[in-house]
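Chains A and B, in that order, give the protein sequences.
Quick note: the first sequence, position 94, residue 94 per my numbering, numbers continuous.
Quick note: the second sequence, position 19, residue 134 per my numbering, numbers continuous.
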Amino acid sequence: DAGVIQSPRHEVTEMGQEVTLRCKLISGHNSLFWYRQTMMRGLELLIYFNNNVPIDDSGMPEDRFSAKMPNASFSTLKIQPSEPRDSAVYFCASTNRDRVRNGYTFGSGTRLTVV
Amino acid sequence: DAKTTQPPSMDCAEGRAANLPCNHSTISGNEYVYWYRQIHSQGPQYIIHGLKNNETNEMASLIITEDRKSSTLILPHATLRDTAVYYCIVGFNTNAGKSTFGDGTTLTVKP
Numbered sequence: 001d002a003g004v005i006q007s008p009r010h011e012v013t014e015m016g017q018e019v020t021l022r023c024k025l026i027s028g029h030n031s032l033f034w035y036r037q038t039m040m041r042g043l044e045l046l047i048y049f050n051n052n053v054p055i056d057d058s059g060m061p062e063d064r065f066s067a068k069m070p071n072a073s074f075s076t077l078k079i080q081p082s083e084p085r086d087s088a089v090y091f092c093a094s095t096n097r098d099r100v101r102n103g104y105t106f107g108s109g110t111r112l113t114v115v
Numbered sequence: 116d117a118k119t120t121q122p123p124s125m126d127c128a129e130g131r132a133a134n135l136p137c138n139h140s141t142i143s144g145n146e147y148v149y150w151y152r153q154i155h156s157q158g159p160q161y162i163i164h165g166l167k168n169n170e171t172n173e174m175a176s177l178i179i180t181e182d183r184k185s186s187t188l189i190l191p192h193a194t195l196r197d198t199a200v201y202y203c204i205v206g207f208n209t210n211a212g213k214s215t216f217g218d219g220t221t222l223t224v225k226p
């Protein structure tokens, strides 16, 4: 099992550019969570999906952020336009909602720097 | 979801047991207690969880008080690789990922 795979590992972009972060779920998992981590705010839940459907996006900071699950195994988090305050480490995590007792498996994260 | 309170930092000698406390006095009857840890620059890693009974797995033990208002994560023989931030969160088993992680406890295992 390759685990939750995130890409890219590092992203440096200029303010105003569009950024797309990618996440591949573990096979058989049907719940997907996007988190953002900064020194100031810690680990924050942005949005989560069950069976490809967004359930709660109340953590998404602004309309500049959007997330999709085009299929059961893949998700994207897009920031357009990006701003320096979006600099953070973005994690995705997945689980099987029917067997959540196994906990959530996190990816290695994408470190985003907006200059 | 109930909030948790953890000490900001703890030290432990290598080879000794590390006991990490967590208070969750507002936990509701069907909320679980989950523990994760985050080693520097990595994603959080699931450790263990429980509802009422004490639990043990290959990584750790979880002791939950009878009133469920607090719990303790025990690493029986801490190693230097256990140095990490440990998060205690509570939530319903269907959406525990929605729970707030908080600041956690930074455990430093010393030689």
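For every residue, glycine included, the Cβ atom is placed at its ideal position computed from N, Cα and C.
Who are the Cβ neighbours of proline 247 (chain B) in its own chain at under 7 Å, not counting the five residues just before and after it? Any answer about residue 247 (chain B) is impossible in this case: the structure gives chain B only from 116 up to 226.
What separation, rounded to the nearest whole angstrom, lies between the Cα atoms of cysteine 92 (chain A) and leucine 112 (chain A)? 14 Å
Looking at the C-beta of tyrosine 161 (chain B), does it have a partner C-beta in chain A at a distance below 8 Å? yes
Can you list, in chain order, the residues of its chain whose CB lies under 6 Å from that of threonine 187 (chain B), leaving out five sequence neighbours each side? Asn134, Pro136, Ile178
Exposed or buried, what is histidine 192 (chain B) when buried is set at 16 or more other beta-carbons lying within 10 Å of its beta-carbon? exposed
Determine, using beta carbons only, whether glycine 144 (chain B) comes closer than 8 Å to chain A. no
Contacts of phenylalanine 91 (chain A) in chain B (Cβ-Cβ under 7 Å): Gly158
Cross-chain neighbours of glycine 217 (chain B) in chain A, by beta carbon under 9 Å: Gly42, Leu43
So is tyrosine 201 (chain B) in contact with chain A if we call contact Cβ pairs under 8 Å? no
Taking buried to mean at least 16 other C-beta atoms within 10 Å of its own C-beta, is glutamate 18 (chain A) buried or exposed? exposed
Could you tell me which of A:Pro81, A:Gly59, A:Pro54 sits nearest to proline 70 (chain A), measuring between CA atoms? A:Pro54
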